[in-house]
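Worksheet: one structure, shown below.
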Amino acid sequence: MDDYYSPHPRVLLSRPILIGGQIGCGAPLVGRTLSARTGLPFVEVDRRIEHTAGASLAELAKRDGLASVARRARDVLLACALERPASIVVLDAAWPTAGVGRALGRSLDLVHVERPADYLLDRIEKEIHRVGAWRLGGHPFAFRTGDDLAAFQGDRIDLLARATVHYAADHQHPLEVVDGLLESLEAIFGAKAI
């Protein structure tokens, strides 16, 4: 597959590909770029929640609580699993309720963009400012060690453990991650050229 952007799909997926990881892993850029390079539809869970609710994630978290945001993320993911054509779906700030991994594993292919702790620690503060402190439940938090990071991001572990692909991205640029995923679309995800 070449790098030329085309708005028309060049591949067909049997199931949507869900891209996620720990905060700061670069999943949104990976997802947007993979979508652009394949012509597949793109869904960003955060934006769909905000558009449906008519409020930002921060407003929803403050008004209804973090559990409400997690339920909304679950509902969006379950809907994406049924939509056709299958799309590239990205989890960023809003994460589904714990325990949804088994149901999603039957209907989505999850790519866990794995990064080492030092990579994530360098980026997490920027990400928290970008997506808002609502993810912290309103509490300021300083990330100094990998243990701090693990405690904060533990809610993601259940779903990420069920990933179809654990892509060890190390310190690769997100565009290099996309190159690696493009090389394996057919072999791993059963994509068919159209």
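Heads up: the sequence shown at position 83 corresponds to 68 in the numbering used here, and the numbers run straight through without jumps.
Where a beta carbon is used, it is the ideal one built from N, C-alpha and C, also for glycine.
These figures come from a predicted structure and were not determined experimentally.
Whole-angstrom distance between Lys177 and Ala79, CA atom to CA atom
31 angstroms
Taking His156 as the reference, which of Leu3, Gly9, Val150 has the closest Cα?
Gly9
Could you check if His97 is buried or exposed, using at least 16 other CB atoms within 10 Å of its CB as the buried criterion?
buried
For Gly175, write down the residues that DSSP places opposite it in a beta bridge.
In the DSSP output, where bridge partners are listed per residue, Gly175 has none listed.
Those runs of the alpha helix (DSSP H) which lie wholly inside the region 1 to 47 and span at least 4 residues:
12 to 23, 30 to 38
Can you check whether the CB of Val30 is closer than 8 angstroms to the CB of Val85?
no
Tell me whether the beta-carbon of Pro159 lies closer than 8 angstroms to the beta-carbon of Thr23.
no
Leu144 versus Tyr152 - alpha carbon distance:
15 angstroms
Specify the secondary structure class of Ala71 as computed by DSSP and reduced to three states.
coil
State the Cα-Cα distance for the pair Glu168 and Leu(-3), rounded to the nearest angstrom.
15 angstroms
With burial defined as no fewer than 16 other Cβ atoms inside 10 Å of the residue's Cβ, what is the status of Ala154: buried or exposed?
buried
Please classify Ala172 as buried or exposed, where buried requires at least 16 neighbouring CB atoms within 10 angstroms.
exposed
Quick one: is Leu95 buried, meaning 16 or more other Cβ sit within 10 Å of its Cβ, or exposed?
buried
Contact defined as beta carbons within less than 8 angstroms: I believe Thr82 pairs with Ala55. What is the distance between those atoms, to the nearest angstrom?
5 angstroms
When we look at the beta-carbon of Pro13 and count the other beta-carbons within 10 Å, is it buried (16 or more) or exposed?
buried
Anticipated Cβ contact below 8 angstroms, Phe27 with Ser72, distance rounded
6 angstroms
What residue range is occupied by the uninterrupted alpha helix (DSSP H) comprising Leu144?
142 to 145
Residues near Ala38 by beta carbon distance below 6 angstroms, same chain, minus five either side
Leu45
Going by DSSP in three states, Leu95 sits in which element: helix, strand or coil?
strand
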